[in-house]
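Participant: Got a structure for you, questions after.
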Amino acid sequence: MDRYAHDVLQYGQTSITNLLLKNYRKIGMSNEELLLYILIKRNRTLIVPMPEIGGLTALTGYSKQQLFEIFHQMIQKKLAKITQVNVDNQQVDAYDFNSLYEKLSLVEQVDSTNTSEEREAIPSTAPQVSDQQRQEMFESIEKEFGRTLSPLEMESISQWIDLDHYSPKMVELALKEAVLSQVYNLKYMDRILRNWEKRHLKTAQQIEEYNRNRTRNNSETEEPYKGPKIPFIDITNPNKDK
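In terms of UniProt numbering, the sequence shown opens at residue 1 and continues consecutively.
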């Protein structure tokens, strides 16, 4: 018993408000999302450094892709967002759960007719890209960049799809443009996508047509040589003009 008591004190306790346990479904939180939040929060509540994904995989039995999808769903539902915190004098990625508790603070005021706060907690009904397509995008970008994407970068790519509604083909074309320019970062790809959006280019066909026209216009505007006339000299027959 002494050993057990020592372990209890050493590992500490994770405290969860009963208000969350009572109302987590009302704010759009799933059972899986609640479980992950409990597992990672420990002695924190609002800002939680991103956990080591391998440890969570072993603990829950979920694959890395499943874990990413669960965290992504929480961000999409506005239950969390990605930020950075200082840990041991080093900036690390973290989950910010302030929005979760903001929703929770309003839940007791929600009536049976659905207020605007309750509607905001309902998951988006916009068309979703399949898990396989999303994973293929990550792998394509990782292959071209020559490195593994961070969770923050994967979330940025997912937001292109889920919030900005760029198609996977558009992301693929933006990646191609970045590679041709030898600029291997997501900020450059984001500028490309925003530029297309400003020009109202919404499909891969429109983008490819725009690129073809741009290339054709550039070639047509090239000015002809205006320098002095250069005489032709046949070096094989130096006496030809004599």
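No residue lacks a Cβ here, since even glycine has one placed at the ideal position from N, Cα and C.
Pop quiz: Leu201 and Ile207 are said to be a contact at Cβ under 8 Å. What is the actual Cβ separation, rounded to whole angstroms?
Facilitator: Going by Cβ atoms, the distance from Leu201 to Ile207 rounds to 5 Å, so yes, they are a contact pair.
Participant: Helix, strand or coil, according to DSSP, for Asn86 in the structure here?
Facilitator: Reduced to three states, the DSSP call for Asn86 is strand.
Participant: Rounding to the nearest angstrom, what Cα-Cα distance links Gln66 and Leu175 in this structure?
Facilitator: Computed Cα separation, rounded: 25 Å.
Participant: Take the Cβ of Leu104 as the centre, count every other Cβ of all protein chains shown within 10 Å, and call the residue buried at 16 or more, exposed below.
Facilitator: When all chains shown are included, Leu104 counts as buried.
Participant: Can you tell me which of the three DSSP states Tyr62 falls into?
Facilitator: Three-state result, Tyr62: coil.
Participant: Is the region 158-167 touching the region 128-136 in the sense that three or more CB pairs, one from each, lie closer than 8 Å?
Facilitator: These segments touch.
Participant: Using only the alpha-carbon positions, how far apart do Ser15 and Tyr37 sit?
Facilitator: So the two alpha carbons sit approximately 11 Å from each other.
Participant: Please confirm whether Ile53 and Lys64 have their CB atoms less than 8 Å apart.
Facilitator: Result yes, Cβ atoms of Ile53 and Lys64 sit closer than 8 Å.
Participant: What number of angstroms, rounded off, separates the C-alpha of Lys143 from the C-alpha of Gly61?
Facilitator: Looking at the two C-alpha atoms, the distance is approximately 27 Å.
Participant: In the structure shown, what three-state DSSP assignment does Pro49 receive?
Facilitator: Strand.
Participant: Measure the Cβ-Cβ separation of Pro151 and Asp93 and say whether it is below 8 Å.
Facilitator: Going by C-beta atoms, Pro151 is nearer than 8 Å to Asp93.
Participant: Which partner residues does Val92 have in the DSSP bridge list?
Facilitator: Paired residues: Val85.
Participant: For the putative contact between Glu33 and Gln73, defined by C-beta atoms under 8 Å, what is the C-beta separation to the nearest angstrom?
Facilitator: That belief holds up - the Cβ atoms of Glu33 and Gln73 are roughly 7 Å apart, short of 8 Å.
Participant: What residues in its chain sit with their C-beta under 8 Å from that of Glu136, if we drop five residues either side in the sequence?
Facilitator: Taken in chain order, the residues that qualify are Pro168.
Participant: I'd like to know whether the C-beta atoms of Leu146 and Lys77 end up nearer to each other than 8 Å.
Facilitator: The displayed chain sequence assigns Gly, not Leu, to residue 146. Cβ distance not < 8 Å, so Gly146 and Lys77 don't count as in contact.
Participant: Would DSSP call Arg44 helix, strand or coil?
Facilitator: Correct three-state label for Arg44: coil.
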